[in-house]
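Residue numbers (my numbering): 78 to 481.
These notes are about the structure you will find just below.
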């Protein structure tokens with residue numbers, strides 16, 4: 078998928094070109110890309126990418142247009158991290174899909190999960206551009222979604238992240254950012270948007286304002302591009318100079334509450350052909366027979382609601398494993414139908430699965446806009462780049478749309 082682009086790419090691939098790709102990525106991002114980069118981009122019919130983008134938008138609208146869901150999602154936000162002045166919609170959305178084979182041979186999307194939190198928007202634009210450059214690919218291939226190109230994509234990113242502020246007063250806030258594997262993404266924003274990356278633990282509060290230190294000066298913060306995940310703050314016992322509940326004079330690009338509101342918690346509420354059956358574990362214990370949920374354990378997944386990069390997922394959970402979860406914690410887990418994704422990418426190491434992440438931008442007062450697609454290639458049970466590091470022709474990749 079998609080011929081003849083796939084066969085031509087595989088035939089012309091060399092390790093020297095791949096080494097050049099890695100060198101360029103490290104050079105452009107001024108750091109070392111530590112997660113595995115796939116040797117190949119993925120060629121998809123543009124119509125398929127558009128179908129995925131529309132499905133993800135429909136799922137997002139289904140949640141935001143449902144007052145009952147919004148009310149139910151209030152319970153997902155821990156009281157100590159409930160930030161005031163919530164935006165009416167998330168500035169960032171990511172919706173992950175796998176592909177399944179239908180009886181007639183066609184492919185259909187199946188939702189993996191959705192999250193109202195930023196992904197690697199900066200790095201992904203660099204990656205797709207370097208695939209084109211290094212491998213001398215056809216320039217008619219579509220690199221972005223929704224009619225965007227690299228220039229208009231960055232205009233939209235600037236609108237969402239910086240807004241109408243001086244970039245000096247906008248920061249990307251993360252936990253110990255120099256130690257994060259996503260730091261190549263941070264470097265791209267620094268260069269393209271001229272914003273500073275700061276450790277959230279180093280922010281300082283005076284009155285109801287936040288400040289950061291740079292060049293011996295204390296600079297006021299007007300807008301925060303939020304990349305800090307509360308789970309990690311708690312796990313590392315990080316103390317901040319401010320309380321998330323403070324009514325601060327600051328804007329959020331990616332209001333923290335949305336990380337909880339649209340997450341794995343959403344799955345049991347969704348009704349769409351692309352959505353596998355899912356149920357909260359406490360509801361499953363109350364009624365073992367759930368319509369659409371397989372009874373065979375090998376066809377089930379157990380997922381913690383709040384984990385990152387696939388941590389804690391169990392395949393074919395046993396009775397002992399399910400009963401071991403304390404009754405008080407069972408509402409924090411999903412039991413979900415396991416979907417067999419089709420390996421659609423032909424590589425020298427055999428057919429490979431592709432998980433396609435549609436990444437959306439939603440400017441304040443604007444509309445939800447599909448912007449770019451990230452692809453993760455894998456041949457194991459888990460698709461994350463951390464789970465495929467010892468294989469070849471797997472890892473983080475990009476989608477190139479073919480107009481057919």
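C-beta atoms are modelled at their ideal positions from N, C-alpha and C, and glycine is treated no differently.
As the structure is a prediction and not an experimental result, all values here were calculated from the model.
So is residue 431 buried or exposed if we call it buried at 16+ other beta carbons inside 10 Å? Residue burial annotation: residue 431 is buried, with at least 16 other C-beta atoms found within 10 angstroms of its C-beta.
Please state the DSSP three-state secondary structure of residue 232. In this structure, DSSP gives residue 232 a helical state, which the three-state scheme calls helix.
Let me know the secondary structure DSSP gives residue 329 once reduced to three states. strand
To the nearest angstrom, how far is it from the Cα of residue 469 to the Cα of residue 322? 46 Å
The region 135-148 touching the region 237-256, judged by at least three CB pairs closer than 8 Å: No, they do not touch.
Assuming residue 233 and residue 440 make a contact with CB atoms under 8 Å, what is their CB distance in whole Å? 7 Å between Cβ atoms; contact.
Which of the three DSSP states is assigned to residue 186 in this structure? strand
Distance check for residue 474 and residue 157, CA to CA, integer angstroms please. In a straight line, the C-alpha of residue 157 is about 37 Å away from that of residue 474.
Could you please give the first and the last residue of the uninterrupted alpha helix (DSSP H) stretch that includes residue 138? Note, residue 138: alpha helix (DSSP H), 123-141.
Please name the residue, chosen from 105, 381, 185, 117, that lies closest to residue 86 on a Cα-to-Cα basis. 117
Please classify residue 353: is it buried, with 16 or more other beta-carbons within 10 angstroms of its beta-carbon, or exposed? buried
Helix, strand or coil for residue 96 per DSSP? Under the three-state reduction of DSSP output, residue 96 falls in the helix class.
Whole-number beta carbon distance between residue 409 and residue 381, since they are thought to touch under 8 Å: 6 Å
Simplified DSSP assignment, three categories, for residue 108: Secondary structure at residue 108: coil, using DSSP grouped into helix, strand and coil.
Please work out which residues of its chain come closer than 7 Å, Cβ to Cβ, to residue 259, disregarding the five sequence neighbours upstream and downstream, and give them in chain order. 197
Which residue marks the beginning of the alpha helix (DSSP H) containing residue 346, and which one marks its end? No alpha helix (DSSP H) contains residue 346, which DSSP labels as neither H nor E.
Anticipated Cβ contact below 8 Å, residue 317 with residue 287, distance rounded: With 8 Å as the limit, residue 317 and residue 287 do not qualify as a contact, their Cβ atoms being about 10 Å apart.
Distance between residue 302 and residue 130 (C-alpha atoms, nearest Å): 24 Å
Whole beta strand (DSSP E) runs in the region 215-288 with 3 or more residues, listed along the chain? 247-251, 273-276, 281-283
Backbone CA spacing between residue 277 and residue 171 [nearest angstrom]: 23 Å
Using the beta-carbon count (16 or more within 10 Å), is residue 313 buried or exposed? exposed
Relative to the C-alpha of residue 110, which candidate in 406, 144, 201 has its C-alpha closest? 201
Through-space distance from residue 114 to residue 90, alpha-carbon basis: Their backbone Cα atoms lie some 15 Å apart in a straight line.
According to the Cβ coordinates, are residue 383 and residue 308 closer than 8 Å? yes
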